[in-house]
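S.K.: When you line the sequence shown up against mature numbering (1 follows the signal peptide of the UniProt record, and there is no 0), it's residues -22 to -1, 1 to 208, in that order.
In this text, a Cβ means the ideal position worked out from N, Cα and C, and glycines have one as well.
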Amino acid sequence: MANMMFIVSFVVIIASLQRTHGVEYSVTNRAATTPGGIRFTNVIGDEYSRQTLISATDFIWQIFQQTSETDRKNVPKVSLVIETMDGVAYTTNNEIHVSEGYIGRYSGDVKTEITGILYHEMTHVWQWDGRGPNQTLVPGGLIEGIADFVRLKANYAPSFWVQPRQGDRWDQGYDVTARFLDYCDSVRSGFVAELNKKSRSGYSDQLLCRLNREDGGSALERLQGPIYQL
């Protein structure tokens, strides 16, 4: 009887947490019989992936300093789909798609790699992209850079990423832009959160400079070298 009461209490607690979180998460392996799909099931699994989506959401809200529902996108459900496809992963309409082929052929710690990818893709679910009243979209390089910045701050950056100040331009995207944003955030705490917040209503090339002016010109004045020129 005591065990039954414990189970009932546990289910109630979990249900309450799900309601508090306000988002439904689902994981579907459409490639369960492929080598990558089998590896996903055996090494990563549905439940770990679902918990990673939840943890990533909480972490992203923290990075973006989104403490209330009004600060965030209204996303009732996030789906993760493992399937046979080209590329590595992409996100559309709050659905994250990951390639079973990439999972199958990855030679390193695939669980850690996919965890990092999920943090990146979950950022695309939650970040503002400029689709506000002005309809001026955030450039793709910056969108991807912010997603990799989140992955970097979550300590899931892979060893093959570029090091700080490597690359050609700050807005090159992905790991290059993530390193740039990490520097900016180290100079002005909350820089990326403010950048994301201001991207809610639209984007302009002057947005970074405006953030600098609002900080009295101190946030970016120490940026040197061609890669960090605004």
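Between which two residues does the beta strand (DSSP E) holding Val56 run?
M.R.: Mapped onto the sequence shown, residue 56 falls at position 78. Residues 55 to 61.
S.K.: I'd like the list of long-range same chain contacts for Val140, defined as Cβ closer than 8 Å, with 5 residues on each side in sequence excluded.
M.R.: Here residue 140 refers to the residue found at position 162 when the sequence shown is read from its first residue. Counting only Cβ-Cβ distances below 8 Å, and skipping sequence neighbours, we find Asp153, Val154, Arg157.
S.K.: Can the beta-carbon of Glu91 be found closer than 8 Å to that of Pro54?
M.R.: The residue given as residue 91 occupies position 113 in the sequence shown. The residue given as residue 54 occupies position 76 in the sequence shown. No; because the gap between Cβ atoms is not below 8 Å, this pair is not in contact.
S.K.: Nearest to Phe42 by alpha carbon, out of Ser182, Thr30, Leu115, Gly168?
M.R.: Numbered from 1 along the sequence shown, position 64 holds the residue referred to as residue 42. Cα-wise, what sits closest to Phe42 is Gly168.
S.K.: Kindly indicate which three-state DSSP category Ile(-9) falls into: helix, strand or coil?
M.R.: Taking the sequence shown and counting its residues from 1, the one referred to as residue -9 is at position 14. The predicted position of Ile(-9) is uncertain, since its pLDDT is 41 and thus under 50; a value taken from the coordinates is nonetheless stated next. Helix at Ile(-9).
S.K.: Please go through the same chain and pick out, in chain order, the residues whose beta-carbon is closer than 6 Å to the beta-carbon of Cys162, but skip the five residues on each side of it.
M.R.: In the sequence shown, the residue the question calls residue 162 occupies position 184. Same-chain partners within the cutoff: Phe169.
S.K.: Assign Lys51 to one of two classes, buried (16 or more other C-beta atoms within 10 Å of its C-beta) or exposed (fewer than that).
M.R.: Taking the sequence shown and counting its residues from 1, one reaches residue 51 at position 73. Counting Cβ neighbours within 10 Å, Lys51 comes out exposed, since fewer than 16 surround it.
S.K.: So which of Asp87, Tyr134, Ser57 has the shortest CA-CA distance to Val76?
M.R.: Reading the sequence shown from its first residue, position 98 is the one you call residue 76. That would be Ser57, whose Cα lies nearest to the Cα of Val76.
S.K.: Apart from the five residues on each side of it in sequence, which residues of its chain come closer than 7 Å, Cβ to Cβ, to Leu31?
M.R.: Locating residue 31 in the sequence shown gives position 53, counting from the first residue. Once the five neighbours on either side are set aside, the close Cβ partners of Leu31 are Tyr3, Val56, Leu58, Leu96, Met100.
S.K.: Does any CB atom of chain C fall closer than 8 Å to the CB of Asn72?
M.R.: Absent from the structure: chain C. Only one protein chain is present.
S.K.: Val21: buried (16+ other C-beta within 10 angstroms of its C-beta) or exposed?
M.R.: For the purposes of this step, residue 21 is taken as the residue at position 43 of the sequence shown. Per the 10 Å Cβ criterion, exposed.
S.K.: Could you pull the DSSP bridge partners for Ser4 from this structure?
M.R.: Translated into positions along the sequence shown, residue 4 becomes position 26. DSSP, once it has assigned bridges, lists Ser57 as partnering Ser4.
S.K.: Please classify Gly65 as buried or exposed, where buried requires at least 16 neighbouring CB atoms within 10 angstroms.
M.R.: As a position in the sequence shown, residue 65 is number 87, starting the count at 1. Per the 10 Å Cβ criterion, exposed.
S.K.: Would you kindly work out how many angstroms separate the C-alpha atoms of Glu122 and Gly151, rounded to a whole number?
M.R.: The count along the sequence shown starts at 1 and reaches residue 122 at position 144. The count along the sequence shown starts at 1 and reaches residue 151 at position 173. Between Glu122 and Gly151, the C-alpha separation is close to 6 Å.
S.K.: Which class does Ala67 belong to by DSSP, given the choice of helix, strand or coil?
M.R.: Your numbering for residue 67 matches position 89 in the sequence shown. Reduced to three states, the DSSP call for Ala67 is strand.
S.K.: Quick one: what's got a C-beta closer than 7 Å to Glu61's C-beta in the same chain, skipping five residues either side?
M.R.: Residue mapping note: residue 61 aligns to position 83 of the sequence shown, counting from 1. Arg8, Ala9, His75, Glu78.
S.K.: Mind checking who Ile74 pairs with in its DSSP beta bridge?
M.R.: Taking the sequence shown and counting its residues from 1, the one referred to as residue 74 is at position 96. Bridge partners of Ile74: Leu58, Thr69.
S.K.: Using a Cβ-Cβ cutoff of less than 6 Å, which residues in the same chain neighbour residue 213 once the five nearest sequence positions on both sides are dropped?
M.R.: The structure shown does not extend to residue 213, since the chain is modelled only from -22 to 208, so the question has no answer here.
S.K.: Assuming Gly119 and Ser177 make a contact with CB atoms under 8 Å, what is their CB distance in whole Å?
M.R.: Here residue 119 refers to the residue found at position 141 when the sequence shown is read from its first residue. Here residue 177 refers to the residue found at position 199 when the sequence shown is read from its first residue. At roughly 13 Å, the Cβ-Cβ gap does not stay under 8 Å, so Gly119 and Ser177 are not in contact.
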